[in-house]
Amino acid sequence: MFDIRAIRKEPEFFDKAWARRGLEPRTSEILKIDEKKRRVQTLLQELQAKRNEESKKIGIIKKDGGDAMAQMEAVAAIKGQVAELEEKDRKLGEQLKNILSSLPNLLSVDVPDGTDEGDNKELYKWGDIKSLNGPDHVEIGEDIGGIDFEMAAKMSGARFTILIGAIARLERALSQFFIDIHTRDHGYIEVSPPLLVRDNALYGTSQLPKFAEDQFSTRETDHYLIPTAEVPLTNMVAGQIVDHDSLPRRYCAHTPCFRSEAGSAGRDTRGMLRQHQFYKVEMVSITTPEKSEEEHEHMLNCAETVLKKLELPFRTVILCSGDTGFGATKTYDIEVWLPGQETYREISSVSNCKDFQARRMNARTRVKGAKDTRYVHTLNGSGVAVGRALIAVIENYYDPIDGGIIVPEVLKPYMGGIEKIIRT
RNA sequence: GGAGAGAUGGCAGAGUGGUUGAAUGCACCGGUCUUGAAAACCGGCAUGGGUGCAAGCCCAUCCAGGGUUCGAAUCCCUGUCUCUCCGCCA
Numbered sequence: 001m002f003d004i005r006a007i008r009k010e011p012e013f014f015d016k017a018w019a020r021r022g023l024e025p026r027t028s029e030i031l032k033i034d035e036k037k038r039r040v041q042t043l044l045q046e047l048q049a050k051r052n053e054e055s056k057k058i059g060i061i062k063k064d065g066g067d068a069m070a071q072m073e074a075v076a077a078i079k080g081q082v083a084e085l086e087e088k089d090r091k092l093g094e095q096l097k098n099i100l101s102s103l104p105n106l107l108s109v110d111v112p113d114g115t116d117e118g119d120n121k122e123l124y125k126w127g128d129i130k131s132l133n134g135p136d137h138v139e140i141g142e143d144i145g146g147i148d149f150e151m152a153a154k155m156s157g158a159r160f161t162i163l164i165g166a167i168a169r170l171e172r173a174l175s176q177f178f179i180d181i182h183t184r185d186h187g188y189i190e191v192s193p194p195l196l197v198r199d200n201a202l203y204g205t206s207q208l209p210k211f212a213e214d215q216f217s218t219r220e221t222d223h224y225l226i227p228t229a230e231v232p233l234t235n236m237v238a239g240q241i242v243d244h245d246s247l248p249r250r251y252c253a254h255t256p257c258f259r260s261e262a263g264s265a266g267r268d269t270r271g272m273l274r275q276h277q278f279y280k281v282e283m284v285s286i287t288t289p290e291k292s293e294e295e296h297e298h299m300l301n302c303a304e305t306v307l308k309k310l311e312l313p314f315r316t317v318i319l320c321s322g323d324t325g326f327g328a329t330k331t332y333d334i335e336v337w338l339p340g341q342e343t344y345r346e347i348s349s350v351s352n353c354k355d356f357q358a359r360r361m362n363a364r365t366r367v368k369g370a371k372d373t374r375y376v377h378t379l380n381g382s383g384v385a386v387g388r389a390l391i392a393v394i395e396n397y398y399d400p401i402d403g404g405i406i407v408p409e410v411l412k413p414y415m416g417g418i419e420k421i422i423r424t
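Right, dumping it as structure tokens:
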């Protein structure tokens, strides 16, 4: 969502910014509606002022015991006009809001230009790739008897997985490990949020109105299943004026995520890379405009840290203009090495939304005692995707000698003595 | 799920159709007094928007959306949330 006054001031700036995302100029259309709306509004307000003034006279006449009939009829005459203008004003406002809320965030200046993920820029690599190629998690998991896709398909259809035994435990261990590191070392507060939210929450984080078809919803209560914990965590400050001294606020949560994956038919159909349901540990930071870029780097570092501790090789990329998400000004992706695919795959996405979401959800901050408020900056990042981390552990810690999976050192405390997962 | 009560400024809390954008208290800001502070006293203090060079003027907002009325914080309908009681339940 954008400040209409900022668009009035420098329309070319906005058109240029949207052009970087491959969009046509929109400001002339927006300003035309805005101008029309203000004309209507001025007219309406003048009429309302007149109505109010004349109405007050009725009260005075009646108080003095006079006959107000004539005066009442005079005011009644204004009524129809007011209603008409109100309707016009409302419609124009709606039109304006629809356009403004469907336009993506402005990109940061250091985002590279490009059309799709092929143009993302690698920033650096970390870790030694020990296994260049090998069996993928499907093969390893099914062989061990810890992953069952068929059984899941029977009860839930495609894009669901059942984990069994030590593999299920390994998934839980990963979640626990991530949360523990972020709360202990990175300043995040653990939150257990609702998994079902109302449309206004999704509007706030900008999944709605544009991406409704990507969400699951409930039939009888009109709830949406969260596509990521970014939604409830960020909405914790919706409608609030948070004390400047309490920033940054750092929240993290371990939740299931639900995605309909509309539009990705045929992509990543093998294995559990792209599911309708997966666990993710999410980090959200609420901060000030001055500190958000610094916080962005901090958050990226938090996500990278857990991969380093797991000794999983990864590379970090900055998304190009065409690949950066709707609400983000800048996004870093961390891609983990998957020997089964012989490639790096996204395991974390860390974005700075600046005031884009804050405007939508009216989340502001105020210095103690000060009069004016400012919008907060919001950031979110996976820390990291648990399902994909599980794939990465399975494939990178595969032992070709016996077909087992070695439990990474840092996960051992969570595995109850299991050091290697083998066929049962 | 059933029955009832409620939602007013940063907070507490008045206000049931007419100069009420809203009493009062607390908090906050400025001033007088004081060596300084406290107390006391005086004054200020909601938000969003339109218009204007500006001072200002105007409009909207008493949970949200509709309605009744010349006029709504106040009356009616719907929704949301909170509380109380009953039922059910991990």
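Residue 335 in my numbering sits at position 335 of the first sequence; the count goes up by one each step and never skips. In this text, a Cβ means the ideal position worked out from N, Cα and C, and glycines have one as well. All values derive from a computational prediction rather than experimental measurement.
Counterpart residues of residue i in DSSP-defined beta bridges
i: M283; result: C252, G381
i: N352; result: K330, L379
i: T316; result: Y124, I334
i: T343; result: L338
i: R374; result: T365
i: F278; result: C257
i: S217; result: Y224
i: I421; result: I405
i: L273; result: DSSP lists no partner for L273.
i: E190; result: C252
i: L196; result: L225
i: I162; result: D148
Straight-line Cα distance separating residue j from residue i
i: L170; j: K280; result: 14 Å
i: I60; j: P232; result: 53 Å
i: R374; j: S131; result: 50 Å
i: R219; j: S260; result: 15 Å
i: P209; j: G325; result: 14 Å
i: D402; j: I422; result: 8 Å
i: E190; j: A76; result: 59 Å
i: A328; j: E142; result: 38 Å
i: E46; j: Q275; result: 57 Å
i: L300; j: Q277; result: 24 Å
i: V82; j: G187; result: 54 Å
i: A158; j: P289; result: 43 Å
i: L247; j: M72; result: 55 Å
i: A70; j: S102; result: 50 Å
i: A74; j: K63; result: 18 Å
i: K56; j: G80; result: 19 Å
i: D180; j: Y414; result: 11 Å
i: K412; j: D185; result: 19 Å
i: E294; j: E94; result: 36 Å
i: E35; j: A229; result: 39 Å
i: D119; j: L319; result: 8 Å
i: A265; j: A153; result: 16 Å
i: R366; j: I286; result: 13 Å
i: F178; j: V284; result: 14 Å
i: P339; j: A389; result: 13 Å
Cβ pair residue i, residue j closer than 8 Å
i: A303; j: G416; result: no
i: H296; j: L379; result: yes
i: K291; j: S108; result: no
i: L307; j: P408; result: no
i: L225; j: F258; result: yes
i: A238; j: M361; result: yes
i: S351; j: A385; result: no
i: G146; j: I167; result: yes
i: H440; j: L202; result: The structure shown does not extend to residue 440, since the chain is modelled only from 1 to 424, so the question has no answer here.
i: D434; j: P227; result: Past the edges of the chain, shown from 1 to 424, lies residue 434, and the structure says nothing about it.
i: M236; j: H137; result: no
i: I391; j: Y397; result: no
Start-to-end residues for the beta strand (DSSP E) that takes in residue i
i: V306; result: Note, V306: premise wrong, no beta strand (DSSP E); alpha helix (DSSP H) at 292-310.
i: V231; result: Not the beta strand (DSSP E): V231 falls in the alpha helix (DSSP H), residues 230-234.
i: D243; result: 241-243
i: T365; result: 364-366
i: G404; result: 404-406
Residue span of the alpha helix (DSSP H) that contains residue i, given as start and end
i: V324; result: Just to set this straight, residue 324 is Thr in the shown sequence, not Val. Run containing T324: none; DSSP gives neither H nor E here.
i: A389; result: 386-396
i: Q95; result: 69-101
i: G204; result: 199-204
i: T42; result: 27-63
i: E24; result: No alpha helix (DSSP H) holds E24; DSSP gives it neither H nor E.
i: K9; result: 4-9
Under the three-state DSSP convention, the category residue i falls into
i: F428; result: Outside the displayed range of the chain (1 to 424) lies residue 428, so it cannot be described from this structure.
i: I147; result: strand
i: D15; result: helix
i: I167; result: helix
i: D399; result: strand
i: R360; result: helix
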